[in-house]
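Input: a single structure, listed below in structure tokens.
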Amino acid sequence: TVSQLEELERIQAEALRRCGVAKYVRLRQEFQEKEEHMREDVEKMRREFEERMDKMKVEVQKIQEEKVHLMGLEQRLRQEFQTQVQAEQMSNEELRIRLETLQDGFVQLRSILRKEKQSRVESERHPMDDM
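Going by this note's numbering, the sequence shown opens with residue -19, and the numbers climb by one from there.
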């Protein structure tokens, strides 16, 4: 009968609606679970990234500290080298002055020896002149 057909259509429509609602609820739940899982993954990735960044910052700080230390060592070595060069220059200058002094002394000694030799030669000549 028509009323039975209408009732059957209504039951069928209600069943389809319930199936649709159930499918929507199931899809909505799956979506929420996937969304939550993705949020957890994103949070995990963010934490891992922050941990890596922190480690890198520590490494960069260590490298910067080592750089400062090496720059200090380099500066001290340069100063020490400069001091040694200056000391060698002073030592060379001192040696040059001493050498000049010795040369002056030899020149004076030669001059004195010449004068003595000349005076001996002259004194030896004079006694012969007396003869």
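We treat Cβ as the ideally placed atom computed from N, Cα and C, and that holds for glycine.
Remember, it's a predicted structure, so these values are computed and weren't measured experimentally.
Alpha carbon to alpha carbon, what distance is there between Glu74 and Met51? As a first step, residue 51 must be located in the sequence shown, where it is residue number 71. As a first step, residue 74 must be located in the sequence shown, where it is residue number 94. Those two C-alpha atoms are separated by around 34 Å.
Review point. Mapping DSSP to helix, strand and coil, what is Thr81?
Key: Sequence index remark: in the sequence shown, residue 81 carries index 101 (1-based). Three-state result, Thr81: helix.
Given this structure, state the Cα-to-Cα distance separating Ala(-5) from Glu10, to the nearest angstrom. Residue mapping note: residue -5 aligns to position 15 of the sequence shown, counting from 1. Residue mapping note: residue 10 aligns to position 30 of the sequence shown, counting from 1. Distance between the alpha carbons of Ala(-5) and Glu10 is about 22 Å.
Look at the alpha carbon of Val48 and the alpha carbon of Lys37, and state the distance between them as a whole number of angstroms.
-> Taking the sequence shown and counting its residues from 1, the one referred to as residue 48 is at position 68. Taking the sequence shown and counting its residues from 1, the one referred to as residue 37 is at position 57. Straight-line Cα distance between these residues: approximately 16 Å.
Check: What number of angstroms, rounded off, separates the C-alpha of Leu(-12) from the C-alpha of Val1?
Finding: By one-based count along the sequence shown, residue -12 stands at place 8. By one-based count along the sequence shown, residue 1 stands at place 21. In a straight line, the C-alpha of Leu(-12) is about 19 Å away from that of Val1.
Arg32 to Glu39 span [Cα, whole Å]: The sequence position of residue 32 within the sequence shown is 52, counting from 1. The sequence position of residue 39 within the sequence shown is 59, counting from 1. The straight-line gap from Cα to Cα measures roughly 10 Å.
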